[in-house]
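Just remember that my numbering sits 76 ahead of the position in the sequence shown, which is counted from 1.
Idealized CB from N, CA, C, for every residue including glycine.
Notes follow the structure.
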Amino acid sequence: MSDFKLNFQDTKTAFADKSTDELNEKQRVFRLFNSDLLVDIGSKATELALRWGLPVKGLIKDTFFKQFCGGETIEECQPTIEKLGASNIGTILDYSIEGQSTDAVFDSTKNEIHRTITRAKEDELVPFAVFKVTGIAPFEILERVSNNAELLKRDTDEWDKAKARVTELCEYAHSLEQPIFIDAEESWIQDAIDNLAEEMMAAYNKRFPLIFNTVQLYRRDRLEYLKKAHEKAKQGNYILAVKLVRGAYMEKERDRADELKYLSPIHQTKEDTDADFDAAVDYCLENIDDIAFVAGTHNEKSVQLLAQKMEERKLDHNHPHIFFSQLYGMSDNLSYILADNQYNVSKYVPYGPVKDAIPYLIRRAKENSSVMGQMSRELDLINKELKRRKVDS
Ligand SMILES: Cc1cc2nc3c(=O)[nH]c(=O)nc-3n(C[C@H](O)[C@H](O)[C@H](O)COP(=O)(O)OP(=O)(O)OC[C@H]3O[C@@H](n4cnc5c(N)ncnc54)[C@H](O)[C@@H]3O)c2cc1C
């Protein structure tokens, strides 16, 4: 193993574009998120306050929202795009509206994603576009299609509309040569999403990686899926493009499997998930000429390992098939140090109306509130940098 090592503890570089006031503010938010109890009470109180129409929007926008989202509109994200861009970090505009399912909402979400594709094309600081299929298609239809359930006439119409929206976005991205990610979601709707994504890749990834599907390595079956998808791509003469992630729906997956009494598709231990994530990275590296991939992770070990393996294989840091990506407001130590070393790095910058971003913010908080979680890692780094600035001043 190469002794090449990136120094992710270099908080001076990681927080170079944050003023001490900004860091203090970040510290306050992350301290709150670091407590299970506060996150629980806060999440419930926020949901209730919004439901009762209490004027909490401004407060949320100036605190949590500001740390994890770029703004309410594409235009409001402009300062964030520029700030990240100044450190060679790309922005991925992620229109995050969840849980609404009428044709009118699906169409307006599709139109907004259309705008993000246009915006990405216009600006090299925005290297990718992204969408979730559930933002533009009914969950129930995706579930029925994934189960090979019989579709009634009404379902067939809904499914045709869903496919048309996905096709329209991918065709548009292709017409502009603008790469785009398709996020992965719950396992019981993922087959429908995979089939759509593979169809789009077969059509549009002939010359270069344009459509990226997402592979969740917390699922026991996904390493095999990755290999099969690669075989299919070879046979179909297109480039396989994938975003590798661990997976965001673990609790929900386990609860559903318990309730419906089937074997959970999720690995039993974190170690198994980690091993599959790193094995998937290896597989992509071994086939780097015909696979393009994004390591969508905050896991320092996985990022370090990938950087080391690129070194061993003498692959350029900015290899056109290898990308790193983190979420806005998180793991700046990874993003900024990678960018400082000329790797391809971008951050998902969620945006949208504050009230629609609440589920996303609550997920960020909950996912990270345990003692071993991401927030304590974030907090440690912020504390370290604040201390360093005090000593240096
Ligand atoms: C750029 C980007 C894009 C993303 N896109 C998607 C997407 O499209 N779909 C999606 O589902 N998620 C997505 N995610 C979220 C991602 O799946 C993870 O939830 C999140 O990044 C945390 O995992 P990690 O690799 O960063 O690091 P870590 O903190 O090392 O890993 C935490 C993850 O490990 C897994 N895990 C934790 N405990 C256990 C256990 N006991 N047994 C088995 N597994 C366990 C879970 O997946 C958990 O989220 C994305 C993340 C990023 C950064």
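Distance cut-off 7 angstroms: Lys328 Cβ against heavy atoms of ligand 1
no
Rounded to whole angstroms, what is the Cα-Cα separation between Ser184 and Thr243?
16 angstroms
Sequence-distant residues of its chain with Cβ nearer than 6 angstroms to Val209 (five each side left out):
Ile269
Which word fits Thr232, buried or exposed, when buried means at least 16 other C-beta atoms lie within 10 angstroms of its C-beta?
exposed
Under the DSSP definition of a beta bridge, which residues are partnered with Tyr424?
Ile168 and Leu403
For ligand 1, I want to know if Asp348 counts as a neighbour, meaning its beta carbon is within less than 7 angstroms of at least one of the ligand's heavy atoms.
yes
Name the DSSP bridge partner or partners of Glu361?
Note that residue 361 is Leu in the sequence shown here, rather than Glu. BP columns for Leu361 are empty, so no partner.
Ligand 1 and Asp259: does the residue's C-beta get closer than 7 angstroms to at least one heavy atom of that ligand?
yes
With DSSP as the reference, label Phe84 as helix, strand or coil.
coil
Please give me, in chain order, every unbroken run of the alpha helix (DSSP H) with length at least 4 that falls completely inside the stretch 203-274.
215-222 and 229-251
Exposure of Val283, with buried meaning 16 or more beta-carbon neighbours within 10 Å:
Inspection of the sequence shows that residue 283 is occupied by Arg rather than by Val. Counting Cβ neighbours within 10 Å, Arg283 comes out exposed, since fewer than 16 surround it.
I think Ser172 touches Phe215, with their Cβ atoms under 8 angstroms apart; what is that distance to the nearest whole Å?
Actually they do not touch by this definition, with Cβ atoms about 16 angstroms apart.
Here's the rule: buried if 16 or more other CB atoms are within 10 angstroms of the residue's CB, otherwise exposed. What is Asp170?
buried
Thinking Ile150 and Ile193 are a contact (beta carbons under 8 angstroms), I'd like their distance in whole angstroms, please.
Contact doesn't hold; Cβ gap of about 11 angstroms is too wide.
Limits of the beta strand (DSSP E) - the one that Gln292 falls within:
Ile287 to Gln292
Look up Phe369 in the DSSP assignment and give the residues it is bridged to.
Val318 and Ile398
Residue range of the alpha helix (DSSP H) that includes Ala324
Note, Ala324: premise wrong, no alpha helix (DSSP H); not H, not E.
Assuming Thr89 and Tyr412 form a contact by the criterion Cβ under 8 angstroms, report the distance between their Cβ atoms to the nearest whole angstrom.
6 angstroms
Quick one: using the 10 Å Cβ neighbour count with 16 as the cut-off for buried, is Gln311 buried or exposed?
exposed
Pop quiz: Gly146 and Pro426 are said to be a contact at Cβ under 8 angstroms. What is the actual Cβ separation, rounded to whole angstroms?
7 angstroms
Ala279 to Gln143, Cα distance in whole Å?
38 angstroms
Report whether the distance from the Cβ of Arg322 to the nearest heavy atom of ligand 1 is below 7 angstroms.
yes
Boundaries of the alpha helix (DSSP H) in which Lys303 is found, first to last residue
Arg298 to Gly312
Do three or more CB pairs link the stretch 391-411 to the stretch 343-356 at distances below 8 angstroms?
no
Could you compute how far the alpha carbon of Val447 sits from the alpha carbon of His395?
For Val447, the pLDDT reaches just 44, beneath the cut-off of 50, and the residue's location in the model is therefore unreliable, leaving the point undetermined.
If you check the beta carbons only, do Lys197 and Gln254 fall under 8 angstroms apart?
yes
Assigned exposure category for Gly323 - 16 Cβ within 10 Å defines buried:
buried
At which residues does the alpha helix (DSSP H) containing Gly147 begin and terminate?
Taken as a continuous stretch (DSSP letters only), Gly147 belongs to no alpha helix (DSSP H), as it is neither H nor E.
Using a threshold of 7 angstroms, is the CB atom of Asn375 nearer than that to any non-hydrogen atom of ligand 1?
yes
Own chain partners of Val105 with C-beta closer than 8 angstroms, once the 5 adjacent residues on each side are dropped:
Thr139, Phe140 and Gln143
Starting from Asn409, trace the alpha helix (DSSP H) both ways and give me its first and last residue.
Asp408 to Asp416
Could you check what DSSP says for Ile173 in three-state terms: helix, strand or coil?
coil
Start-to-end residues for the alpha helix (DSSP H) that takes in Ser20
In the structure as shown, the chain begins at 77 and stops at 469. Residue 20 is therefore absent and cannot be evaluated.
Whose C-beta lies closer than 6 angstroms to the C-beta of Asp432 among residues of the same chain, with five residues either side of it excluded?
Ile173
Let me know if Phe204 comes out buried or exposed under the rule of 16 or more other beta-carbons within 10 Å of its beta-carbon.
buried
What three-state label does DSSP hand Arg283 in the structure shown?
coil
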